[in-house]
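Okay, structure first, notes after.
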Amino acid sequence: MVLFRVSGFEFEVSCWCSGNRVFSADQHYKTKLEIVIPMKIEGTHHLNAPRDRVYQSLIDPDVLQRCIPGCERLERTAENSYSATIRAGVGAIKGVFTGTVRLEDMRPPEHYRIVVEGKGAPGFLKGSGDLDLEEEGEGTLIKYRGDLQLGGTIASVGQRMIQGTAKMMASQFFTALEAEAQATAGESPPKHGFFRTALRWFSGWLKRRRSGGMPPSQP
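Position 67 (the sequence shown) corresponds to 67 in the working numbering; numbering is contiguous.
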């Protein structure tokens, strides 16, 4: 087995040699090549909701399932540990990932670390991230940073497209989280949260494009 990197990409090749011939471990004259893309994700997001309420929303599995784009299942398996099923993809490569989510280093209401690991037909992912919550006026400023690795078919689309998708999903998540944190006690959570969040993101994108010089479309 040979492991090597080229321009930030990590390749793993399984092969063996006989004389001047090279054979793969799976089939003669074929080589298995797997790409792993390491990424760093960081940013900030302001939520118009008090810090205590935002933190409680972030550790509530029911709220998280409604807020995480494509999350179909999030079930508790132990204290601060969950099994998850998420339908996600980048570009034309889409599929279902199953895996685990753990919450660590919890310091309410200001900090926790989330550790995720999953795999599916599109490939695999694993990573961890830290979230810090600060009071900002009557709202909350969330600072997040983390490291993520993606491998398999999904990694073939390239780091730029993956990073763009990750930023879009983070924006969708925090928009939905804000709505949950603002909901009054006893109020039912919004239905079809993913599509509602996607519509909000698209509307914001249009406003930014127009403010940058794009004229509105004529009726």
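For glycine and all other residues, C-beta sits at the position ideal for the given N, C-alpha and C.
9 Å or more divides the Cβ of residue 50 from the Cβ of residue 110. The residue from 91, 71, 92 and 93 with its alpha-carbon nearest to that of residue 83 is 71. Fewer than three Cβ pairs drawn from the region 134-148 and the region 62-79 lie within less than 8 Å of each other, which leaves the two stretches out of contact. The DSSP-derived three-state label of residue 130 is strand. Its chain contains 90 as the residues whose beta carbon lies nearer than 6 Å to that of residue 165, once the 5 sequence neighbours on both sides are disregarded; these appear in chain order. For residue 114, the enclosing beta strand (DSSP E) covers residues 111-120. In the DSSP assignment, residue 162 falls within the unbroken alpha helix (DSSP H) covering 159-182.
A direct Cα-Cα distance of roughly 31 Å separates residue 104 from residue 93. In the DSSP assignment, residue 60 falls outside any beta strand (DSSP E), carrying neither H nor E. Of the candidates 113, 79, 65 and 132, the residue whose Cα lies closest to the Cα of residue 52 is 132. Residue 68 sits in coil when the DSSP states are folded into three classes, being neither helix nor strand.
Secondary structure at residue 88: strand, using DSSP grouped into helix, strand and coil. Counting only residues of its own chain and dropping the five nearest sequence neighbours on each side, residue 40 has a CB closer than 7 Å to the CB of 147. The C-beta separation of residue 116 from residue 95 comes to about 16 Å, leaving the pair out of contact by the 8 Å criterion.
Here residue 42 has 145 as same chain residues with Cβ atoms under 6 Å from its own Cβ, once five neighbours each way along the sequence are excluded. Inter-residue distance for residue 81 and residue 125 is about 17 Å (C-alpha atoms, whole angstroms). Residue range 139-151 is occupied by the beta strand (DSSP E) that includes residue 146. Rounded to the nearest angstrom, the gap between the Cα atoms of residue 154 and residue 123 is 6 Å.
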